[in-house]
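For reference, the structure discussed in these notes is given below.
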Amino acid sequence: MNSFKEIMAQDISAVFLNEKEFADTYNIDGKDMLAVLDADLIHERNKRSYAEFAEGVNQGQITLFVSRNNFTHVPVKDQLMVINGRSYAVNDAADNAGVLEITLTINTNRGMPI
Numbered sequence: 000m001n002s003f004k005e006i007m008a009q010d011i012s013a014v015f016l017n018e019k020e021f022a023d024t025y026n027i028d029g030k031d032m033l034a035v036l037d038a039d040l041i042h043e044r045n046k047r048s049y050a051e052f053a054e055g056v057n058q059g060q061i062t063l064f065v066s067r068n069n070f071t072h073v074p075v076k077d078q079l080m081v082i083n084g085r086s087y088a089v090n091d092a093a094d095n096a097g098v099l100e101i102t103l104t105i106n107t108n109r110g111m112p113i
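Structure below.
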C-alpha cells in the first residue's frame, strides 16, 4: 500500500501537471516542462488589478505552478526566470508537497503579464 506522500507525488504528474487536465508545456530557463501559469490567482488574493501602472509601465504578476523535480533548488526572491522568452523576477517561491508555487513579476508595456 502506498503512503499518503507517495500518492500525492503520483498526483502531481497524473492530475495537477497533466497537459490533458491543467498544465501546458512552457520553456522555463531553457528547458521545456509542464506547468500551470495563473494570472487570476494574484488578482484574487490581492483584490486588485493584475497590473499596476507606473509612468507608462505595467507591472504584472503571475503565479507559476511547476514540479519541484524540474529544479535543482527552489528559486529565490529577485532571481530572474525566462518563460517562453519573457523575463520575470521571482517575488516569492514555496514548495507545496512537491509543487513549486512561484509568484513572478514582469514589467511590460504590452498589457497582460503572460
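Numbering follows numbering that gives the first Met the number 0, in which position 74 of the sequence shown is assigned residue number 73; successive positions increment by one, without gaps.
For every residue, glycine included, the Cβ atom is placed at its ideal position computed from N, Cα and C.
With 16 other Cβ atoms within 10 Å as the buried cut-off, status of L16: buried
For E119, the three-state DSSP class (helix, strand or coil): Any question about residue 119 goes unanswered here, given that the chain covers just 0 to 113.
Taking its Cβ as the centre, do 16 or more other Cβ atoms sit within 10 Å of V65, making it buried, or is it exposed? By the neighbour-count criterion, in which 16 or more other beta carbons inside 10 Å mark a residue as buried, V65 falls on the buried side.
CB-CB length for I27 against A34, believed under 8 Å: The Cβ separation is near 7 Å, so the contact holds.
Excluding the five sequence neighbours on either side, which residues of its own chain have a C-beta within less than 8 Å of the C-beta of G29, listed in chain order? Within its own chain, the residues whose Cβ lies closer than 8 Å to the Cβ of G29, once the five positions on either side in sequence are excluded, are V81, listed in chain order.
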